[in-house]
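If you read the sequence shown in the numbering used here, its first letter stands for residue 483, the second for the next number, and so on.
Just so you know, even glycine gets a beta-carbon here, dropped at the ideal spot from N, CA and C.
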Amino acid sequence: MKKIMLVFVVLAATVLSSNAQTRFGVKAGGNFYTLGGDNVEGENINSKFGLNVGGLVNIPVAKKFKVQPEVVFSIQGTKEDDGGTTNLNFNYLNIPIMAQVYVTDGFYVEAGPQVGILLKADIKEEGSSSYSVKDELKGADFALGFGAGYTLPGGFGFNARYNLGLSNILKDTGEGELKNRGFQLGVSFLFGGTKGAKEKK
Numbered sequence: 483m484k485k486i487m488l489v490f491v492v493l494a495a496t497v498l499s500s501n502a503q504t505r506f507g508v509k510a511g512g513n514f515y516t517l518g519g520d521n522v523e524g525e526n527i528n529s530k531f532g533l534n535v536g537g538l539v540n541i542p543v544a545k546k547f548k549v550q551p552e553v554v555f556s557i558q559g560t561k562e563d564d565g566g567t568t569n570l571n572f573n574y575l576n577i578p579i580m581a582q583v584y585v586t587d588g589f590y591v592e593a594g595p596q597v598g599i600l601l602k603a604d605i606k607e608e609g610s611s612s613y614s615v616k617d618e619l620k621g622a623d624f625a626l627g628f629g630a631g632y633t634l635p636g637g638f639g640f641n642a643r644y645n646l647g648l649s650n651i652l653k654d655t656g657e658g659e660l661k662n663r664g665f666q667l668g669v670s671f672l673f674g675g676t677k678g679a680k681e682k683k
């Protein structure tokens, strides 16, 4: 997975340095994250809502193909309801690199790898104070993202994406397995250019 990320980073950097149509942008939206794995099987686990915000670089590679690296601050976690509510709160700095194929001038489908850097992790049980569990989790998380979106003329866009966690986020694998899984809805804006959704002819 690390080798795949490196290939995509090198590709993105190469195209960025040579393509005048590259556009920078910002994005923000909502997360609906939960946890999967044998550690939560049979538990009353529910999705947790959080926000995400970040920046992106949209890089044309071919007429209908673009690469989009992003850096996104993301609030994730899950909720467990078992006689009382327990909130697991995770903050990640996610770095996805998405390959986008444009089906029409504005509509695209996308897929790509993502690495997440853990910034904060705590648990808040109902009626008690929160406490940190960051030391019990790995500092990096790897995932694959799949999504679709639409970019309007002028640069404003909409996007939906599902992130499937591939790695066990627990440091001690003897304690079982936990994987991040989440659905994202968001909006974005690309700066510069007047073509918007129109592709270079």
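Whole angstroms is fine: what's the gap from Gly627's alpha carbon to Pro635's?
25 Å
What number of angstroms, rounded off, separates the C-alpha of Leu648 from the C-alpha of Arg663?
CA-to-CA, the gap between Leu648 and Arg663 works out to about 9 Å.
Alpha carbons only, please: which of Gly537, Thr633, Phe671 is nearest the one belonging to Val591?
Ranking Gly537, Thr633, Phe671 by CA distance to the CA of Val591 puts Thr633 first.
Among Phe589, Ser556, Val615, which has the Cα closest to the Cα of Asn645?
Ser556
Would you mind sorting Ala625 into buried or exposed? The rule is 16 or more other CB atoms within 10 Å of its CB.
buried
Mark Thr516 as exposed unless 16 or more other C-beta atoms lie within 10 angstroms of its C-beta, in which case mark it buried.
buried
Between the C-alpha atoms of Leu652 and Gly566, what's the straight-line distance to the nearest angstrom?
24 Å
Could you say which of Lys509, Val597, Gly609 lies nearest to Asn650 if we only look at CA atoms?
Val597
Which residue spans inside the segment 617-682 form an unbroken beta strand (DSSP E) run of at least 3?
622-633, 638-647, 661-672
Does DSSP put Asp520 in a helix, in a strand, or in coil?
For Asp520, the three-state secondary structure derived from DSSP is helix.
Considering only their Cβ atoms, is the gap separating Glu562 from Pro578 smaller than 8 Å?
Not in contact: Pro578 and Glu562 (Cβ atoms no closer than 8 Å).
Have a look at Gly674, Gln582, Leu667 and flag the residue whose alpha-carbon is nearest the alpha-carbon of Lys546.
The shortest CA-to-CA distance from Lys546 to any of Gly674, Gln582, Leu667 is the one to Gln582.
Based on Cα-Cα distance, which residue from Gly537, Glu659, Gly658 lies nearest to Ala510?
Gly537
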